[in-house]
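Taking it in order: structure first as structure tokens, then the write-up.
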């Protein structure tokens, strides 16, 4: 049976997906739902290929690492399959570990330009209607609680700030009046008003 | 940060529109953004593009931004600004997909 092949390109990086449509699901001939192989080609670097179960974790690793990098957090990602860490501002060190014990890990050093090319290839795969995989996306990885916060941060801020300032100023003014209030003087006044 | 005597707060719709324009522009300019990033990576061999870009960016900041602001001073600081510029370019280069609008919005909220 002839397998379908789909390629996604971005400057120096290309991602190739090979597989078959799921005929039991009445899919088109050019669709890929059963991925048998994938290849990630980065110019001047060794070819990266693997099984379908490796593609998801590798894509995840790249997405999580790039988020850490941009959010000024420590850019280190470590897993059983792949480690990524920053050597400096421009160079990222990728270690791809084989599941076979006798195979040495593959070490790649890529710059920011190749990192963005690779992530853009993964984005194209995620957005492609011709490949059906468990979609991985930057936005989908954010927990619901955070997602709510992101969408409503500005509105929530505008809503909560006026009462917050009002309460703060009330506390501030009342505390100054407490400072000026002397209970001893008050008792003397009361004694003068109501003689024993 | 801009040179302006009027302190206008940006509305949510305007903020969204600005993000959409930025994403479209970065999609269009991706090859150039990539070249600038690559030039910084191979600085010894190919420093011209990075230097030209940085020179023009600093010129524009001096021309249009409020130079008394601490954040603008940080942008102009030669020792600190490389990291800010690289991260900004990398952020733009990661937001060129169809979901780029949502990505950039999330990056900005987390900034």
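Residue numbers (this note's numbering), protein chains in the order written: chain A, 962 to 1157; chain B, -2 to 108. A virtual CB, placed ideally from N, CA and C, is assigned to each residue, including glycine. Here the structure is a predicted model, which is why all the values come from computation and not from measurement.
So which residues of chain C does residue i contact, with C-beta pairs closer than 8 Å?
i                     : result
residue 75 of chain B : The chain inventory of the structure shown lacks chain C, comprising the protein chains A and B.
As a quick exercise: from the options, pick the residue whose alpha carbon is nearest that of residue i.
i                       : options                        : result
residue 1044 of chain A : A/1150, A/1032, A/1151, A/1069 : A/1069
residue 81 of chain B   : A/1051, A/1135, A/1131, A/1024 : A/1051
residue 38 of chain B   : B/25, B/8, B/96, B/79          : B/79
residue 49 of chain B   : B/65, B/32, B/64               : B/32
residue 963 of chain A  : A/980, A/1042, A/1145, A/976   : A/980
Taking 8 Å as the CB-CB limit, is residue i close to chain A?
i                      : result
residue 95 of chain B  : yes
residue 31 of chain B  : yes
residue 34 of chain B  : yes
residue 90 of chain B  : yes
residue 11 of chain B  : no
residue 17 of chain B  : no
residue 87 of chain B  : yes
residue 80 of chain B  : yes
residue 107 of chain B : yes
Roughly how many angstroms lie between the CA atoms of residue i and residue j, to the nearest whole one?
i                       : j                       : result
residue 971 of chain A  : residue 1005 of chain A : 15 Å
residue 1030 of chain A : residue 989 of chain A  : 39 Å
residue 1073 of chain A : residue 1047 of chain A : 10 Å
residue 1056 of chain A : residue 1000 of chain A : 17 Å
residue 1135 of chain A : residue 1053 of chain A : 56 Å
residue 1122 of chain A : residue 85 of chain B   : 30 Å
residue 1010 of chain A : residue 1064 of chain A : 14 Å
residue 1035 of chain A : residue 61 of chain B   : 33 Å
residue 1075 of chain A : residue 43 of chain B   : 16 Å
residue 105 of chain B  : residue 1061 of chain A : 41 Å
Residue i CB to nearest chain B CB: under 8 Å?
i                       : result
residue 972 of chain A  : yes
residue 1051 of chain A : yes
residue 1085 of chain A : yes
residue 1073 of chain A : yes
residue 1060 of chain A : no
residue 1035 of chain A : no
residue 1054 of chain A : no
residue 965 of chain A  : no
residue 1031 of chain A : yes
residue 1044 of chain A : no
residue 1027 of chain A : yes
Just checking my contact of residue i with residue j at CB under 8 Å: how many whole Å lie between their CB atoms?
i                       : j                       : result
residue 978 of chain A  : residue 996 of chain A  : 6 Å
residue 27 of chain B   : residue 93 of chain B   : 5 Å
residue 101 of chain B  : residue 20 of chain B   : 6 Å
residue 1080 of chain A : residue 1023 of chain A : 6 Å
residue 924 of chain A  : residue 1091 of chain A : Any property of residue 924 of chain A remains undetermined from this structure, which presents chain A solely from 962 to 1157.
residue 107 of chain B  : residue 1058 of chain A : That belief does not hold up - the Cβ atoms of residue 107 of chain B and residue 1058 of chain A are roughly 30 Å apart, past 8 Å.
residue 90 of chain B   : residue 973 of chain A  : In fact, because the Cβ distance is near 13 Å, the residues do not count as touching under 8 Å.
residue 1093 of chain A : residue 994 of chain A  : 4 Å
Is residue i near the ligand ADP, going by C-beta to nearest heavy atom under 7 Å?
i                      : result
residue 996 of chain A : This structure simply doesn't include the ligand ADP, nor any ligand for that matter.
Exercise. Ignoring anything shorter than 4 residues or poking outside the segment 998 to 1067 of chain A, list the alpha helix (DSSP H) runs there in chain order.
Key: Segments of the alpha helix (DSSP H) lying fully in the segment 998 to 1067 of chain A: 1013 to 1031.
Practice problem: Would you mind listing the alpha helix (DSSP H) stretches within the segment 12 to 76 of chain B that are 4+ residues and don't spill past its ends, in chain order? | Solution: The segment 12 to 76 of chain B contains, as complete alpha helix (DSSP H) runs of 4+ residues, the segments 27 to 38, 45 to 61, 67 to 73 (chain order).
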